[in-house]
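Input: a single structure, listed below in structure tokens.
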Amino acid sequence: MSLTSLVSRVYLGFSLLILTIISASWFSIYTNQEINARINIITQQSTPLMIKSAELNIALLNINRSLTPYFSAIYVDELDAYQSDINAAISVYQQQLDWFVSANYQAERNGLVSNTSASSNKIVTKIEELYSQNYQYLDTKDFSQYSQSQFQLLAGQLNENLITALSRSSTTAEQQVIEAVLAQMSLLLAEANEAFALQDMMELRSITRRFESRRERLDAAITTFKLQVPTTYSRVENLMTRLLNEIYEDNGAVALHLNTQEQAETLVLSRAEFETYIDQTLLTIDALADNAVAMSEQLALESTQQAEHARIGVITIALLSVLFATLVGMHIARMIRTPSQLLENALEKVANKDLSSCVNYKINNEFGRVAKKVNLVIDHLSYMLKELIQSSTALNKASLDNQSISEALSSDIDQQTAQTIQVAAAMEQIELSITEIATSTNETLSIVTQAVESSNSGQVSMNDNIELVEQLSEKLSFSTKTIHQLEQESSSIESILDVIAGISDQTNLLALNAAIEAARAGEQGRGFSVVADEVRVLAAKTNASTQEIQHKINQLQHSSNLAVVQVNECVNFMKDCIVQSGHVNDSLASVHDLLGQVESRTHQIASATTEQQSVSQEVTANISGLHTLAVRNTERAKELASHSQSLEVMAEHQAKLSGQFQLVKA
Numbered sequence: 003m004s005l006t007s008l009v010s011r012v013y014l015g016f017s018l019l020i021l022t023i024i025s026a027s028w029f030s031i032y033t034n035q036e037i038n039a040r041i042n043i044i045t046q047q048s049t050p051l052m053i054k055s056a057e058l059n060i061a062l063l064n065i066n067r068s069l070t071p072y073f074s075a076i077y078v079d080e081l082d083a084y085q086s087d088i089n090a091a092i093s094v095y096q097q098q099l100d101w102f103v104s105a106n107y108q109a110e111r112n113g114l115v116s117n118t119s120a121s122s123n124k125i126v127t128k129i130e131e132l133y134s135q136n137y138q139y140l141d142t143k144d145f146s147q148y149s150q151s152q153f154q155l156l157a158g159q160l161n162e163n164l165i166t167a168l169s170r171s172s173t174t175a176e177q178q179v180i181e182a183v184l185a186q187m188s189l190l191l192a193e194a195n196e197a198f199a200l201q202d203m204m205e206l207r208s209i210t211r212r213f214e215s216r217r218e219r220l221d222a223a224i225t226t227f228k229l230q231v232p233t234t235y236s237r238v239e240n241l242m243t244r245l246l247n248e249i250y251e252d253n254g255a256v257a258l259h260l261n262t263q264e265q266a267e268t269l270v271l272s273r274a275e276f277e278t279y280i281d282q283t284l285l286t287i288d289a290l291a292d293n294a295v296a297m298s299e300q301l302a303l304e305s306t307q308q309a310e311h312a313r314i315g316v317i318t319i320a321l322l323s324v325l326f327a328t329l330v331g332m333h334i335a336r337m338i339r340t341p342s343q344l345l346e347n348a349l350e351k352v353a354n355k356d357l358s359s360c361v362n363y364k365i366n367n368e369f370g371r372v373a374k375k376v377n378l379v380i381d382h383l384s385y386m387l388k389e390l391i392q393s394s395t396a397l398n399k400a401s402l403d404n405q406s407i408s409e410a411l412s413s414d415i416d417q418q419t420a421q422t423i424q425v426a427a428a429m430e431q432i433e434l435s436i437t438e439i440a441t442s443t444n445e446t447l448s449i450v451t452q453a454v455e456s457s458n459s460g461q462v463s464m465n466d467n468i469e470l471v472e473q474l475s476e477k478l479s480f481s482t483k484t485i486h487q488l489e490q491e492s493s494s495i496e497s498i499l500d501v502i503a504g505i506s507d508q509t510n511l512l513a514l515n516a517a518i519e520a521a522r523a524g525e526q527g528r529g530f531s532v533v534a535d536e537v538r539v540l541a542a543k544t545n546a547s548t549q550e551i552q553h554k555i556n557q558l559q560h561s562s563n564l565a566v567v568q569v570n571e572c573v574n575f576m577k578d579c580i581v582q583s584g585h586v587n588d589s590l591a592s593v594h595d596l597l598g599q600v601e602s603r604t605h606q607i608a609s610a611t612t613e614q615q616s617v618s619q620e621v622t623a624n625i626s627g628l629h630t631l632a633v634r635n636t637e638r639a640k641e642l643a644s645h646s647q648s649l650e651v652m653a654e655h656q657a658k659l660s661g662q663f664q665l666v667k668a
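This is the structure:
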């Protein structure tokens, strides 16, 4: 490729520029490889070590955290589930620790791993010891609480028996003896309850020493109690012996409580020692993490220095590349400026519709070839404008076509006018038919109005009839109630008559008894007078019943009269209903006559409607013809308008295009 070509010179400049960029890239890649090597050391050694140290730290803290619910358990049955969680946490911690043991580190780091492993073994051993201690503590505590509940039960029973014996004692001496025993037992029980509430070993041992001093006074009171009140002593001896065993024996409730607190203190000391092991192990793990952080910081510092050197080198190469690119660009700009100005001037004339000049540039390079193409385009545009001028003659022919279409449209409009006259005549006939229909309709409306009035009259009569029937129904209901009342009164009369019959029977019996007594006693019979009095009372009852019967009979007579009056009223209402029914019949007959007249008027309307229908069909046919002509005229008018618009646009456009360009003069 010749260097006289613009493209070859551009290629040469860009080749040198690319070579410079490749050199800068190689330097950057080399520097990045050095930095990546250090970063790989950080990511593959230091970062995993820091992450694993953090995970190991978390696993150790999880072990310590899982021990909290284990030591918070109340019952032995809960320990297995918590112990499984602790063992799972230990297993996870051991897996994390095995990663450190299997890794190959420097001597200093290997020593830290060994210390961590040794501390971890102490932790695991101590956890096994804590398992045993906590299990034994909870077991003893559970048994101690059971013993304390038994102790409280025995104390309550003994106190109740002593109080009962005190209340039943017959002599003052017995009461004093029982009160002395009760007082000593109360003091001893109070100290025992105080011991159960304490958790400090020094205070517990102090109370147990007080138990021994309290024992002598209690034994003396019990001995006196046994001698002076042997019967009561025999009843409470078993309870008292069991209660004293719970206080003074090695397997008693007090001793068990003391043993439980000793185990609790031992467990607290073991947990404190375990926490010490945890802290030591955490320190060694932190030392491992600090070692990894120190190595990461050293490598990061070296990488930063290397990156700074690389940045300086890249900046230097970039400045040289910019300087070289500037020189190449200035040289290329000088090569492009002259031909581009010539092309710009020529194209500006073309943009101003001046096609009379060409580009005068003959050098054989890229711009020379572009100048030839621009001159060719100018020639083609000149040819096209000449063709546009020739196409103007085609517009005259299109105008003639529009004239013929206009004549055909005028003929169709004349036909449409004739058919419109026929439609007007048909519409006059329709108007006459409609007038006749309107007259018949008005007469029909008047007749229908009269029929409606008659129907309303019939409706009113029917409503009156309904009201009378309802009143009749009410009267009959009253009659029914009256009859029922008569029936009830009759029933009450029957019951009263039954009473009278009973009284009569009893009166007969009393009279008979009086006669018998009188016969037996003779003159000295006193029962006769009593019987006579009873007979008089029964006679009075009979008289009252008779009066009540008379009153009931009067009520029955009054009710019967009332029923007769109501029945008569019902008969009168029935007569009124018959009269109203006659009125309704007359109204219905009148409605029937009016409906006959409506039927005749309807026939007249039907004949007028038939005539109107035939005329309407004729009008419809004429309107259909008008519609066809209108559609055809509309299409031709649209076609004519479209041709006219197209011709107008074509003419204006061609005139503008032709007038804007300046052609080469022949």
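Take any residue in the sequence shown, note its place counting from 1, add 2, and you have its number in this note's numbering. Just so you know, even glycine gets a beta-carbon here, dropped at the ideal spot from N, CA and C. Keep in mind the model is a prediction, meaning the values are calculated, not measured.
From which residue to which residue does the alpha helix (DSSP H) around residue i run?
| i | result |
| --- | --- |
| Lys54 | Thr49 to Ser74 |
| Tyr250 | Pro232 to Tyr250 |
| Val94 | Leu81 to Ser104 |
Out of curiosity, what's the CA-to-CA distance linking residue i and residue j?
| i | j | result |
| --- | --- | --- |
| Gln265 | Glu275 | 15 Å |
| Leu200 | Leu206 | 7 Å |
| Glu430 | Glu438 | 13 Å |
| Ile20 | Ser30 | 15 Å |
| Val295 | Gln308 | 20 Å |
| Leu383 | Asn354 | 13 Å |
| His645 | Val651 | 10 Å |
| Phe102 | Glu267 | 37 Å |
| Asn64 | Lys128 | 16 Å |
| Leu18 | Gly331 | 13 Å |
| Gln647 | Arg339 | 49 Å |
| Ala302 | Asp292 | 15 Å |
| Glu469 | Glu550 | 43 Å |
| Thr33 | Ala312 | 6 Å |
| Leu160 | Thr262 | 26 Å |
| Glu214 | Asp202 | 19 Å |
| Tyr95 | Phe198 | 41 Å |
| Val379 | Glu350 | 14 Å |
| Glu176 | Leu168 | 8 Å |
| Ala222 | Leu246 | 14 Å |
Using the Cβ count rule (16 or more neighbours within 10 Å means buried), how would you classify residue i?
| i | result |
| --- | --- |
| Leu329 | exposed |
| Phe227 | buried |
| Gln619 | exposed |
| Gln186 | buried |
| Val231 | buried |
| Ala109 | Note on Ala109: pLDDT 47, under 50, position unreliable in the model; the coordinate value appears next. When all chains shown are included, Ala109 counts as exposed. |
| Gly254 | buried |
| Asn136 | buried |
| Phe16 | exposed |
| Tyr13 | exposed |
| Gln150 | buried |
| Thr441 | exposed |
| Glu248 | buried |
| Pro71 | exposed |
| Thr484 | buried |
| Ala92 | The amino acid occupying residue 92 in the given sequence is Ile; Ala does not appear at that position. So Ile92 ends up on the buried side. |
| His259 | buried |
Got a sec: does the ligand SAM put a non-hydrogen atom nearer than 8 Å to the Cβ of residue i?
| i | result |
| --- | --- |
| Ile24 | With respect to the ligand SAM, the structure offers nothing, as it holds no ligand at all. |
Tell me the DSSP secondary structure of residue i in three-state form.
| i | result |
| --- | --- |
| Asp202 | coil |
| Asp588 | helix |
| Asp356 | strand |
| Lys658 | helix |
| Val635 | The question names Val, yet the displayed sequence has Asn at residue 635. The answer is helix: DSSP assigns Asn635 an H, G or I state. |
| Lys364 | coil |
| Arg315 | The residue you asked about is not Arg; residue 315 is Gly in the sequence shown. DSSP places Gly315 in helix when its eight states are reduced to three. |
| Tyr671 | This structure gives no information on residue 671, because the portion of the chain shown stretches from 3 to 668. |
| Gly254 | coil |
I want to see whether chain C comes within less than 9 Å of residue i, judged by CB atoms only; does it?
| i | result |
| --- | --- |
| Ala274 | Given the protein chain composition of this structure (a single chain), no chain C is represented. |
Which residue spans inside the segment 130–202 form an unbroken alpha helix (DSSP H) run of at least 4? 174–199
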